[in-house]
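Accompanying notes for the structure given below.
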Amino acid sequence: MLTVLVVLRTLVVAGALALVWRRTRRDRVAQPAWRSYRAGFVLLTACSLLEAVFVVAGTPVGAAGLVLAVPLRLASSVASFHLYRGVASWFRLQEKTRPAGRVDWLVGGSCILGATGVVNVLVDVPPGLAGLADQLRWLHVSSIVVLLSALVVAAWSMPRQIAGRARGIAVTVAYVLLTQVLYVVTGPRTDVVVAAWTGWVLLAVAFGALSLLPPATVPRRHPSAFTVPATSLLGLVLGLVAVVGAGLHVAPRHWALGFGTAAVAGSAVRLVRLVRDLADHDRARRQATTDDLTGLANRREFMGRLAAETARRHPLGVLLLDLDRFKEVNDQHGHAVGDELLAATAVHLERALPAGALLARLGGDEFAAILPGADVDAAVAAAADMLTAVAAVDVSASVGVATSTGADALSGTELLRRADASMYAAKGGGLGVAVHDDDADRAWRARVELSDELLLALGPDAPASAAEQFEVHYQPQVDTADEVVGVEALVRWRHPRHGLLAPGAFLDVVEERGLLPALTVHVARRAVRDLAGWHAAGHDLRLAVNTSSTYLADPELLRLLDELVAGGTDAGHLVVEVTETSLMNDPDRALATCHEITARGVALSIDDFGTGYSSLAYLANLPATEVKVDRTFTSRALQDERIAAIVAGTVELAHHLGLRVVAEGVEDPATLDLLRRLGCDESQGYLHSRPVPAGEFLCWLQARSRPRTPARAQL
């Protein structure tokens, strides 16, 4: 019977090895675990084959001598240890933790040595070679104990989708452990040997069946942090028990002392590494929840804290702050300066908030704060403090405020959305701080919808035909002889649902989404086509196109001008209008760009002159052709003598600098007469014509005047 059973055991173990080997080659994800299983079954197959040879020859291993028993028991112990490493790797895979490598060797080896050392304290082991054989027998038992412990931990802490697999293996290992303990205690009795061999057969069948199962898919979750520290401490405790126990006995316990010392050393090394790993883990956790630039909480940490606070159902305030015109800082001064500004802003904001508040940088120039326990008044006061704080770094901002009473059961996402809506209301109305209300909510939703529609029309993936929604209307510029000498191109959006929208309804969103270059290119290309048509009809006019401060700093502007001129448009008929404010955002860079513009033969006009803060010395260095007096002055010149004096002084200054003066916003004949008497060279406004499409403008032009000698931009 023993012969049949040992041959059967060898065949089953070899079959399990074949299945495990096959799974190792195919399962790329769990390959580290299956490699360890394969190594274990290679050793078990070798042991079974060798023992089968002796049994078939009629010489059981127990009678084959201690010299053969020692390597067999050592190989069985190492095989069990490889199976333990496979279980540990499998556990790490399911827990989504990184492979441990030598860590599992230290942990498992320390536990095995510590357990063997404790046995030596409790059991008398004979000296010499016989004692070595007994030590290896107990070492084998200890390795199976550690394997079983790993399986129990896995079955307890793994998700239920795969815990059943660990339990099945654990039951067979428990049976193997029981038979091995009986073997050690009772000796090589036939019934015990049969039971022990049966246990190995069951274990081989269990691993063979496991290799045939498909990989289990489990949801990602946070790893269990206690398992490796617990096993490290177990090895340390067992080792200390063995060492102390050896010291307390009168007779020397060399084996216990040796095993215990090795276990303590291995566990100590692992614990040192564990401390380092915990420090790395804490550093990684902080990096995952901290904004690198400012050191504040990042969006992930903010949203997690916000969800926790809203779950408590207590009063809560959320503030969202956005810096004004921050994109211009990046565009004009570079990202390094922008980063310095954000870091300085973060320091001042953190000091301004009350204790217990969480400040985070959500991204870009957006900062958010959570105020636990705050009502509307407290939240508004904190928002005002935030504005005061950012003013210390010479920037302005807009803050949106949203609050929850706790009883309203608002989610964190909804609170942040409301704060975002309020922030846009504050920015749009120049309010500084705005508290969420229904009007702000509706405006926010409309703005988001508008932003999405603009992206569909002007974004990089938009079809070319989508830009045709944006029409170009033209307003004439008339000289003192009532001759039309130029036109200003003004964009309008023919919205599919809302009809014709003026620039004020969408241009700020266009700039915010970074779509201004695409819109400017569309307007300029369309305008020069219309200009060519007017020239063909005998009306030789100048064409003025507006640009923003951000686009003035963009090299694309110069490339666009080159494209227009290369396409056949005379540079002398083109005028680029820039506002005085945009010139002063980055004076040196703006001055260089203006020189690049005029070097191409394109004229330069200073729009809204007198409304900014530019110095006369700076204006004297600009290669401008004309200045446009803003409607702020022209509309009040008749009623206010001081305003009339400002206009007169502006005209005189411009003429001394060799600049043409265009008066904007002319609505009535009396104002036109005054402006002409004050010396304005040209006028523009509803008195002459409202902005109209190209076809309508041509009809107006033909009805008003006959073709005349071409007018140049007077460079």
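For the sequence shown, counting from 1, position 174 maps to 174 in the UniProt record's numbering; every step adds exactly one. Cβ coordinates follow ideal geometry from the N, Cα and C atoms, glycine included.
Cβ-Cβ separation, residue j to residue i (assumed contact under 8 Å), whole Å
{"i": "V20", "j": "R38", "result": "5 Å"}
{"i": "T3", "j": "V56", "result": "6 Å"}
{"i": "A355", "j": "V433", "result": "About 21 Å; that fails the 8 Å criterion."}
{"i": "S548", "j": "L516", "result": "6 Å"}
{"i": "E580", "j": "S605", "result": "Not confirmed; about 11 Å, so no contact."}
{"i": "E577", "j": "V545", "result": "7 Å"}
{"i": "A374", "j": "T403", "result": "7 Å"}
{"i": "V399", "j": "F470", "result": "In fact, because the Cβ distance is near 33 Å, the residues do not count as touching under 8 Å."}
{"i": "H473", "j": "P693", "result": "6 Å"}
{"i": "A204", "j": "A16", "result": "4 Å"}
{"i": "L341", "j": "V393", "result": "6 Å"}
Cβ of residue i within 7 Å of any chain B Cβ
{"i": "I606", "result": "In summary, chain B is missing from the structure at hand, where a single protein chain is found."}
Residue from the options whose Cα sits closest to the Cα of residue i
{"i": "L687", "options": "A645, L678, A419, S635", "result": "S635"}
{"i": "L83", "options": "F41, T579, V666, S465", "result": "F41"}
{"i": "I646", "options": "A75, H655, V629, R676", "result": "V629"}
{"i": "A592", "options": "E563, D608, D607, L557", "result": "L557"}
{"i": "P691", "options": "G665, C680, L371", "result": "G665"}
{"i": "V395", "options": "V401, G430, L387", "result": "L387"}
{"i": "R559", "options": "R600, R529, L341", "result": "R600"}
{"i": "R417", "options": "V337, A407, R494, V401", "result": "V401"}
{"i": "A46", "options": "R22, L72, S36, P32", "result": "L72"}
{"i": "L519", "options": "G499, S465, G486, V484", "result": "S465"}
{"i": "T405", "options": "L371, D530, G428, M303", "result": "L371"}
{"i": "A307", "options": "A407, T413, E682, A343", "result": "T413"}
Secondary structure of residue i, DSSP reduced to three states
{"i": "L450", "result": "helix"}
{"i": "T480", "result": "coil"}
{"i": "L341", "result": "helix"}
{"i": "A251", "result": "Confidence at A251 is low in this model, with a pLDDT of 39, below 50, so the placement of that residue should be treated as unreliable; the coordinate-derived value is given next. The answer is coil: DSSP assigns A251 none of H, G, I, E or B."}
{"i": "R492", "result": "strand"}
{"i": "T403", "result": "strand"}
{"i": "Y474", "result": "strand"}
{"i": "G363", "result": "strand"}
{"i": "E664", "result": "coil"}
{"i": "A409", "result": "coil"}
{"i": "T290", "result": "strand"}
{"i": "V393", "result": "coil"}
{"i": "L72", "result": "helix"}
{"i": "P32", "result": "helix"}
{"i": "G685", "result": "coil"}
{"i": "S635", "result": "coil"}
{"i": "G356", "result": "coil"}
{"i": "G486", "result": "strand"}
First through last residue of the alpha helix (DSSP H) which encompasses residue i
{"i": "D322", "result": "Per DSSP, D322 belongs to no alpha helix (DSSP H); it is in the beta strand (DSSP E), 316-323."}
{"i": "E563", "result": "555-566"}
{"i": "L531", "result": "516-536"}
{"i": "G334", "result": "That residue, G334, is in no alpha helix (DSSP H); it is neither H nor E in DSSP."}
{"i": "E468", "result": "Taken as a continuous stretch (DSSP letters only), E468 belongs to no alpha helix (DSSP H), as it is neither H nor E."}
{"i": "V510", "result": "507-512"}
{"i": "L675", "result": "669-677"}
{"i": "L653", "result": "641-656"}
{"i": "G695", "result": "694-704"}
Where the beta strand (DSSP E) containing residue i begins and where it ends
{"i": "V545", "result": "542-546"}
{"i": "A592", "result": "Taken as a continuous stretch (DSSP letters only), A592 belongs to no beta strand (DSSP E), being part of the alpha helix (DSSP H) at 587-599."}
{"i": "S549", "result": "Careful: S549 lies outside any beta strand (DSSP E), inside the alpha helix (DSSP H) at 549-552."}
{"i": "P372", "result": "366-372"}
{"i": "F609", "result": "603-609"}
{"i": "G499", "result": "499-501"}
{"i": "L306", "result": "Segment 299-311 is the alpha helix (DSSP H) holding L306; no beta strand (DSSP E) there."}
{"i": "A434", "result": "433-435"}
{"i": "T569", "result": "Unbroken run through T569: none, as it is neither H nor E."}
{"i": "residue 719", "result": "Nothing can be reported for residue 719, as the shown portion of the chain is limited to 1 through 715."}
Residue i Cβ short of 6 Å to the ligand SAH heavy atom set
{"i": "T569", "result": "Judged by which ligands are present, the structure shown has none, so any question about the ligand SAH falls away."}
Taking 8 Å as the threshold, find out whether the region 439-452 comes into contact with the region 415-424 through three or more Cβ pairs. yes
Counting beta carbon pairs with one atom in the region 497-510 and one in the region 671-679, are three or more of them shorter than 8 Å? no
For the pair the region 364-379 and the region 319-327, tell me if three or more CB-CB distances fall below 8 Å. yes
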